[in-house]
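Participant: Counting the sequence shown from 1 gives a position; the numbering used here is that position plus 40.
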Amino acid sequence: MDVLDQIIEYDKRLFVFLNTLGSESWDGFWKILTNQFNWTPFFLLLFYLVFKAYGWKKGIVLILVTAALVTFSDQFVNFIKDTVARLRPNNDPTINELIRILKRPKSFSFVSGHSTTSFAVTTFMILILKKHYKYTFLLLIWPILFAYSRIYIGVHFPMDIFIGMLLGIVIGLIFYEISLFFLKKLQKTNT
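1. So, with DSSP's three-state summary, where would you put T105?
2. To the nearest angstrom, how far is the alpha carbon of D122 from that of Y50?
3. From the DSSP output, in three-state form, read off I181 for me.
4. Specify the secondary structure class of D200 as computed by DSSP and reduced to three states.
5. Out of L142, Q115, N130, state which residue places its alpha-carbon closest to the alpha-carbon of S65.
6. Counting only beta-carbon atoms, is T111 nearer than 9 Å to chain B?
7. Kindly indicate which three-state DSSP category T176 falls into: helix, strand or coil?
8. Mind listing, in chain order, the continuous alpha helix (DSSP H) runs of no fewer than 4 residues lying wholly within the segment 78-146?
9. Between the Cα of Q221 and those of V210, I168, G204, spot the shortest distance and give me the residue it belongs to.
10. Compute the Euclidean distance between the alpha carbons of V161 and N130, then round it to the nearest angstrom.
11. Going by Cα to Cα distance, which pick from K98, R190, Q76, F69 is closest to T229?
12. If you follow the alpha helix (DSSP H) that N59 is in, where does it begin and where does it stop?
13. Out of V101, D67, M199, point me to the one whose CA is closest to L44's CA.
14. Could you spell out where the alpha helix (DSSP H) holding I168 opens and where it closes?
15. Need the endpoints of the alpha helix (DSSP H) that S65 sits in, please.
16. Spatial neighbours of S158 within its chain, please: CB distance less than 7 Å, with the 5 preceding and 5 following residues excluded, ordered by chain position.
Laid out in structure tokens, this is it:
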């Protein structure tokens, strides 16, 4: 067994352990948490904080950069998923009889789009808001819960989540630099 096979085997074992910690009494909570549309109030709060901190012109630029970040992250993740083609836990015949499955998507697993995009948005938001608000690091609660929900409901391995987290942080940093470029350009046109 080569190193990659060993990592995949450990990843499956860790997934089975974490996934089977769940209980029916918590299923509803995690199903709600994993649905990105249920986070709409959170995003509206973030947009409010952006506009409050930066005003309308800069706020619109930052929201447009956020939209570009989400679009890029989503498309890049889909490219990786189609390239790697790793089965999701719920579709993996070697473990799907051992785990709790609350959703049954058919697409591939690696990397987690939920993890990548939520960490990208959070990294970006922390960087643009940290000078204006004291506790922006608390925003990290969202992607951590959001990402873990994917293990709980049976659709992502821990490695999908972890690599998605790292990828999301990098994407967030890149788009932060892009936002600085556009904000400087906007500043020059206003002077």
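Note that the Cβ used here is the ideal one computed from N, Cα and C, for glycine as well.
Facilitator: Considering the structure as presented:
1. Sequence inspection shows Val at residue 105; the Thr mentioned does not correspond to that position. Helix, per DSSP.
2. Looking at the two C-alpha atoms, the distance is approximately 23 Å.
3. In the structure shown, I181 sits in a helix (DSSP, three-state: H, G or I).
4. Three-state DSSP puts D200 in a helix.
5. Measuring from the Cα of S65, the nearest candidate turns out to be L142.
6. The structure shown contains no chain B; it holds only a single protein chain.
7. Here T176 sits in helix by DSSP.
8. The segment 78-146 is shown to contain whole alpha helix (DSSP H) runs of 4 or more residues at 80-124, in chain order.
9. The residue you asked about is not Gln; residue 221 is Phe in the sequence shown. Ranking the options by Cα distance to F221, first place goes to I168.
10. Taking the straight line joining both Cα atoms gives about 27 Å.
11. Per the Cα distances, K98.
12. Per DSSP, N59 is one residue of the alpha helix (DSSP H) stretching across 43-59.
13. When V101, D67, M199 are compared, the shortest CA-CA separation from L44 is found for M199.
14. Counting along the chain, the alpha helix (DSSP H) containing I168 begins and ends at 153-169.
15. Its alpha helix (DSSP H) spans residues 64-74.
16. For S158, where only same-chain residues beyond five positions count, the Cβ hits under 7 Å are W182, P183, F186, A187, G208.
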